[in-house]
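All remarks here apply to the structure that follows.
Number of protein chains: 2
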Amino acid sequence: MTGIEEWSSSMPRRTVGGFRIVPRGKNGSTHERPVMHAPYGLEIIESCLRCPHRQERLFCNLPPAAVQRLSAITSPSTHPKGATLFVEGQSPRGVYILCSGRIKLSTTSADGKTLIVRMSEPGEVLGLPATITGSPYELTADVVEPTQANFIPRNEFLNFLRDHGEAALRVAQQLGETYHSAVSEMRTIGLSHSAGEKLARFLLDWCSSNATDKSKDEVRAHMTLTHEEIAQVIGASRETVTRLFSEFKRRQLLQVSGSVLVIPSRAALENLLNAPEPR
Amino acid sequence: MTGIEEWSSSMPRRTVGGFRIVPRGKNGSTHERPVMHAPYGLEIIESCLRCPHRQERLFCNLPPAAVQRLSAITSPSTHPKGATLFVEGQSPRGVYILCSGRIKLSTTSADGKTLIVRMSEPGEVLGLPATITGSPYELTADVVEPTQANFIPRNEFLNFLRDHGEAALRVAQQLGETYHSAVSEMRTIGLSHSAGEKLARFLLDWCSSNATDKSKDEVRAHMTLTHEEIAQVIGASRETVTRLFSEFKRRQLLQVSGSVLVIPSRAALENLLNAPEPR
DNA sequence: TTCCGCCCGTGATGTCGGTCACGCCACTAA
DNA sequence: TTAGTGGCGTGACCGACATCACGGGCGGAA
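If you read the sequences in order, they're chains A and B. According to my numbering, the first sequence is numbered sequentially starting from 605. According to my numbering, the second sequence is numbered sequentially starting from 605.
Now the structure itself:
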């Protein structure tokens, strides 16, 4: 061990609940933006036109005319931790453009078992498939971190897409990516021989999208999920996740320090995939 | 038992391999269509403009100008059973519009385990997510029934979408539906407590899209998959599928006659979902 | 015809992991 | 301080299912 503390002791374990303030522009000059403060400690971005993230994000980065129109039909709104944007089975009211915060997308069976399909990041459009096809929301969207999610009613959104072909293409792109992540999720659930393999796949996936520095073989990333939630992602029980975490730590595949996850060697974890048993 | 024969005896068990001839127009007047015969017993639809399915299908049913343009960039081609349209991991060459036949979409792990994600039906556009996003095909497309699949190269397809906003919307719609089916697949794999539950979910899903008459509680449908393939869909072993089939037949939940599947009561099967144990 | 390959049926065996049942720690609210 | 809550750690148990190993029936090819 390298002096790294256990997850369970001495450190505040969860940053999930802590408010994450939207980082401001790098140059620090924020006073020109139409900004106000919401009950949940969030900074509200009033207008998409001035959104500091406009350039980086798939759906926001559109020609000025389109963004203007988009802005007109969008209602900004904020949601506290624990809120629910929409529920599986509801008929689609419209989409939410996630500006800040994080959302958990899940589905639940009749007996209460939950499958977490995806954690949604800022810049994504939530409820897109259902809104496009008109069929009910297939997932439930719960707020994990206080969130600004701007709502666009279904009809207005569809009209907007009809008028702006580029936007429709963007929508198709995001749907494609969403599908991609769904397939990769199916792979981890469906192709693994053991829970350990599933967890390894999950950790690698997680790090490839949350790593602080992706170039090296060693990876560090924030783990903002509880064991329970991880279990619900990979389709296992909370207890096995806990046990596997201990095992991985024992086998030097993993270190946990507070909410920071360290994978000393990505390659070592990858070796674990599809290795039925070292005999 | 109602005199229904066992799957294993006396009947030709698989129609999968049998050629399915594309049904002609109801009125029988086919001689006006630009039709020719391919090596595999298939009827080729040379031009989308005259495609007999144009009205029913999501992507084909577009304004004349769009269909014309589409027709210009499309290369019709046929593929025998066992052929592979594209392989997981290849960079996307373009899309295939599936005119007739059936395609198996699957993903495989390093050790050879296979997960069948979906069976694709005529009218769908294959390779769409990868072609739109530019990332590699996430699945492998294998021909199960001799197939006509018209190819459109990626660049031409993207340009086409840029010029025809309606088409982009259709693409988004199909992506939404594809995503929907992926989620439902994840539900059957991820939320079930037992293999029996998974199989029941699969059968219900299958019947809801292949039933001959959906109004009644009793359902009949063609089962064109082998036990092995069903196993690969629901993430179980071939043997358990076989055993579960026997069990379901014993419990009167299911009858199999040749390749025809009969579910006497859909409700009875549904009772099986999320019922941990009848105690 | 014979042979081979593909599918389905079935028993025996071992084991992974779900479930139950605890206990411990950290944090919060009263 | 105490009680309550939410998350993690661990042991014991045992059942569902993967795996291995065969056998048998059918169809297609030689």
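Each residue gets a CB set at the ideal place from its N, CA and C atoms; glycine is no exception.
Looking at residue i: is its Cβ nearer than 8 Å to the Cβ of residue j?
{"i": "Thr688 (chain A)", "j": "Thr711 (chain A)", "result": "no"}
{"i": "Phe755 (chain B)", "j": "Ser679 (chain B)", "result": "yes"}
{"i": "Thr682 (chain A)", "j": "Pro750 (chain A)", "result": "yes"}
{"i": "Leu873 (chain A)", "j": "Leu795 (chain A)", "result": "no"}
{"i": "Glu692 (chain B)", "j": "Tyr741 (chain B)", "result": "yes"}
{"i": "Val837 (chain A)", "j": "Ile707 (chain A)", "result": "no"}
{"i": "Val748 (chain A)", "j": "Lys685 (chain A)", "result": "yes"}
{"i": "Leu666 (chain B)", "j": "Ala771 (chain B)", "result": "yes"}
{"i": "Ala714 (chain B)", "j": "Leu877 (chain A)", "result": "yes"}
{"i": "Met790 (chain A)", "j": "Ala840 (chain B)", "result": "no"}
{"i": "Phe764 (chain B)", "j": "Arg673 (chain B)", "result": "yes"}
{"i": "Leu709 (chain B)", "j": "Gly727 (chain B)", "result": "no"}
{"i": "Leu858 (chain A)", "j": "Tyr783 (chain B)", "result": "no"}
{"i": "Arg842 (chain A)", "j": "Glu832 (chain A)", "result": "yes"}
{"i": "Thr828 (chain A)", "j": "Ser863 (chain A)", "result": "yes"}
{"i": "Ala753 (chain A)", "j": "Leu732 (chain A)", "result": "no"}
{"i": "Gly769 (chain A)", "j": "Gly769 (chain B)", "result": "yes"}
{"i": "Val860 (chain A)", "j": "Lys853 (chain A)", "result": "yes"}
{"i": "Ile793 (chain B)", "j": "Ile834 (chain A)", "result": "no"}
Can you tell me the Cβ-Cβ gap for residue i and residue j, rounded? I've got them flagged as a contact below 8 Å.
{"i": "Gly698 (chain A)", "j": "Pro757 (chain A)", "result": "4 Å"}
{"i": "Arg766 (chain A)", "j": "Leu773 (chain B)", "result": "7 Å"}
So residue i is in the beta strand (DSSP E); what residue range does that whole segment cover?
{"i": "Arg842 (chain A)", "result": "Where Arg842 (chain A) is concerned, there is no enclosing beta strand (DSSP E), although the alpha helix (DSSP H) it sits in stretches over Arg842 to Arg854."}
{"i": "Val747 (chain A)", "result": "Thr744 to Pro757"}
{"i": "Gln694 (chain A)", "result": "Taken as a continuous stretch (DSSP letters only), Gln694 (chain A) belongs to no beta strand (DSSP E), as it is neither H nor E."}
{"i": "Thr718 (chain A)", "result": "Thr718 to Ser724"}
{"i": "Ala714 (chain B)", "result": "Unbroken run through Ala714 (chain B): none, as it is neither H nor E."}
{"i": "Ala825 (chain A)", "result": "Val823 to His826"}
{"i": "Ser861 (chain A)", "result": "Gln859 to Ser861"}
Could you pull the start and end residues of the alpha helix (DSSP H) that residue i belongs to?
{"i": "Val787 (chain B)", "result": "Gly769 to Gly794"}
{"i": "Ser812 (chain B)", "result": "Ala799 to Asn814"}
{"i": "Arg870 (chain B)", "result": "Arg870 to Asn875"}
{"i": "Leu865 (chain B)", "result": "Looking at the DSSP string, Leu865 (chain B) is not in any alpha helix (DSSP H); the run it does join, the beta strand (DSSP E), is Val864 to Ile867."}
{"i": "Ser675 (chain A)", "result": "Pro668 to Ile677"}
{"i": "Leu732 (chain A)", "result": "Leu732 to Thr737"}
{"i": "Leu687 (chain B)", "result": "Just to set this straight, residue 687 (chain B) is Ala in the shown sequence, not Leu. No alpha helix (DSSP H) contains Ala687 (chain B), which DSSP labels as neither H nor E."}
{"i": "Glu832 (chain A)", "result": "His831 to Ile838"}
Less than 7 Å separating the Cβ of residue i from some heavy atom of the ligand SAM?
{"i": "Ser812 (chain A)", "result": "Judged by which ligands are present, the structure shown has none, so any question about the ligand SAM falls away."}
In the stretch 692-712 of chain A, which residues sit with their C-beta less than 7 Å from some C-beta in chain B, listed in chain order?
Under the 7 Å Cβ criterion, the stretch 692-712 of chain A contributes Thr711.
Counting pairs of beta carbons, one from the stretch 857-868 of chain A and one from the stretch 814-824 of chain A, are three or more of them closer than 8 Å?
Yes, the stretch 857-868 of chain A is in contact with the stretch 814-824 of chain A.
Along the stretch 773-799 of chain B, what residues have a CB closer than 7 Å to any CB found in chain A?
Under the 7 Å Cβ criterion, the stretch 773-799 of chain B contributes Leu773, Val775, Ala776, Gln777, Leu779, Gly780, Glu781, Thr782, Tyr783, His784, Ala786, Val787, Glu789, Met790, Arg791, Ile793, Gly794 and Leu795.
Can you find at least 3 beta carbon pairs, one from the stretch 792-802 of chain A and one from the stretch 730-749 of chain A, that sit closer than 8 Å?
Contact fails between the stretch 792-802 of chain A and the stretch 730-749 of chain A, because fewer than three Cβ pairs, one in each stretch, are under 8 Å apart.
If you measure beta-carbon to beta-carbon, which residues of the stretch 713-725 of chain B are closer than 7 Å to chain A?
Those residues of the stretch 713-725 of chain B placed with their C-beta closer than 7 Å to a C-beta in chain A are Ser713, Ala714, Asp715, Lys717, Leu719 and Val721, ordered along the chain.
Against chain A, which members of the stretch 737-758 of chain B pass a CB distance test of less than 8 Å?
For chain A, the residues of the stretch 737-758 of chain B that bring a beta carbon within less than 8 Å of one of its beta carbons are Thr737, Ser739, Glu742 and Leu743, in chain order.
Which residues, in order along the stretch 832-849 of chain A, keep a beta-carbon less than 7 Å from a beta-carbon of chain B?
Those would be Gly839, in chain order.
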